[in-house]
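Following full-length UniProt numbering, the numbering of the sequence shown begins with 1 at its first residue and continues without gaps.
All C-beta atoms, glycine included, are put in the ideal place defined by N, C-alpha and C.
The structure presented is a predicted model; accordingly, all values stated were derived computationally and were not measured.
Below: the structure, in structure tokens.
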Amino acid sequence: MPDEELSAMLKSYGLTDKEVDTYLTILEDPGETTASTVANEAGVSKRHVYNTAVRLEEKNLVEINDFVTPTILRPTPPERVEESLHSEVDTLTDLIDSRFSQEENDIGPVEVLKSRTTFIKRMQQLIDSAEEIITIAIPPSLLSSLSGNLEDAVERGTFVLLVVYGSTLDQNDAGADLSIDGLAHAVRIRWDDISIQLTVDSRFGLIAPRDLLTNPEKQSAAVAFGQSYLEPVLFGAFLGDVWKFSEEIYTKPADNLPETYTNFLLTTSQAALHANDGHELHATVEARSAHDTSSTEQLEGRVMEIQQQIVEPTSGSALEHAIDIRTDDGVVSIGGEQAVIEDYEAVTVRLDHKES
């Protein structure tokens, strides 16, 4: 097939001109090549080649081996490209059929995601839809695909907790080679292989075996669900297991005060960060009594104690998030939504430096 015809077909598949040129250069060597070699032959920068190769890998056209130096690029064997294309066509057919038969485009009770491409797109869509909180556990290979979405979520005020995991990660550098700044409010690392997990607000969840990414020939699938009673189960498992048994490697700097929060996990973690810096805090809280939630009242006073499990050093029991403040009527405890053991549940919390 002439290059012109192949180029036209690749463009119809969604590749840009630069992606087509890079892919054709990689194809010239059916064995393997390096980003430097491709850059020299194509007359572009090495970083451009690597970024383009990552996008080509997402389309299952190129395989990247970055466990060696220099990074090796290989064209994906034609039979695997064909298999991937068939899978995408099948997925597209399923999506069209689903859209044709349903008015809503939201996740139903359960959605099975069999292709890598569809799985990543669904993760991106869920992250983009988040308003309050995201918890996510992924291998480092997914960072490039999701970093922009996670960064946007942090910038719009969504509270993001990220765990990066993998048995091949170097335990001696504690994630020093990972580009994670700005992707979450707090990032932890663990050195074992667990399932890929994502929860969004109290609405959506997603879980997938890692071999969905690492072994495309194996029959495996991700499951996304939109049932409100399932998401808290995955959320609780994330905080009580995945997060708890991981090592902190990054925390976003504490916010400038005063600041008002509606997300109580964010409130307690911010309070802890300021306390870690030696700051005494004053809180003004719009709250409901845990025993009568029909009305709200305003509480204010010095923050006396913080219980939280997000940033180090953690304090309190597992899954406990609360603050104690000294009011004119004495010390009261404040928890988040549906607080049970605390005196009040917070609606909003304004944190400021302690009044003199």
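In the DSSP assignment, Tyr50 falls within the alpha helix (DSSP H) that extends over Lys46 to Glu58. For Leu212, the number of other beta carbons within 10 angstroms of its own is at least 16, and it is reported as buried. Under the DSSP assignment, Ala283 falls outside any alpha helix (DSSP H), being part of the beta strand (DSSP E) whose first and last residues are Leu281 to Ser289. By the 16-neighbour rule on beta-carbons within 10 angstroms, Tyr13 is exposed. Rounded to whole angstroms, the separation of the alpha carbons of Ser294 and Leu142 is 44 Å. Its chain contains Ala283, Val285, Leu299, Glu300, Gly301, Arg302, Val303, Met304, Val331, Val332 and Ile334 as the residues whose beta carbon lies nearer than 8 Å to that of Ile325, once the 5 sequence neighbours on both sides are disregarded; these appear in chain order.
When the Cα atoms are used, Phe119 and Asp329 turn out to be separated by approximately 53 Å.
Here Ser315 carries a strand assignment [DSSP, helix/strand/coil].
In the assembly as shown, Thr158 is a buried residue. Its beta-carbon has 16 or more other beta-carbons within 10 Å. Separation of Thr260 and Leu6 (C-alpha to C-alpha, rounded to the nearest whole angstrom) is 56 Å.
When DSSP states are grouped into helix, strand and coil, Pro253 belongs to the coil group. In terms of Cβ geometry, Leu266 and Leu351 do not form a close pair [threshold 8 Å]. If you draw a straight line from the Cα of Asn60 to the Cα of Ala208, it comes to about 19 Å. Going by beta carbons, Val164 and Val187 fall inside the 8 Å limit. Taking the Cα positions, Ser167 is about 43 Å away from Tyr344. Of the candidates Ser269, Asp277 and Arg190, Arg190 places its Cα closest to the Cα of Trp243.
Taken atom to atom, the span from the alpha-carbon of Glu41 to that of Leu10 is near 20 Å. Of Val54, Pro253, Thr314 and Val81, the smallest CA-CA separation from Val154 is found for Pro253. Closest by C-alpha distance to Gly236, out of Thr135, Ala287, Glu297 and Ile72, is Thr135.
DSSP places Val110 in the coil class of the three-state scheme, outside both helix and strand. Here Arg210 carries a coil assignment [DSSP, helix/strand/coil]. Ser289 and Thr262 have their C-alpha atoms roughly 17 Å apart. By the C-beta criterion, the region 20-37 is judged to be in contact with the region 57-77, since at least 3 inter-stretch pairs fall below 8 Å. Distance from Ala224 to Phe204 at the Cβ level is roughly 7 Å; contact confirmed, criterion being Cβ atoms closer than 8 Å.
According to the DSSP secondary-structure assignment, His353 is paired through a beta bridge with Leu281. Between the alpha carbons of Asn276 and Glu88 lies a gap of roughly 49 Å.
Arg116: member of the alpha helix (DSSP H) spanning Arg116 to Ser129, first to last residue. In the three-state reduction of the DSSP assignment, Glu28 falls in the coil class, being assigned neither a helical nor a strand state. For Phe264, the secondary structure class from DSSP, reduced to helix, strand or coil, is helix.
Rounded to whole angstroms, the separation of the alpha carbons of Leu257 and Asp152 is 22 Å. Per the DSSP secondary-structure output, Glu345 pairs in a beta bridge with Arg288 and Gly335. Around the beta carbon of Asp21, a 10 Å sphere encloses 16 or more other beta carbons of the protein chains shown; the residue is thus reported as buried. Rounded to the nearest whole angstrom, the C-alpha separation of Val81 and Gln308 is 48 Å.
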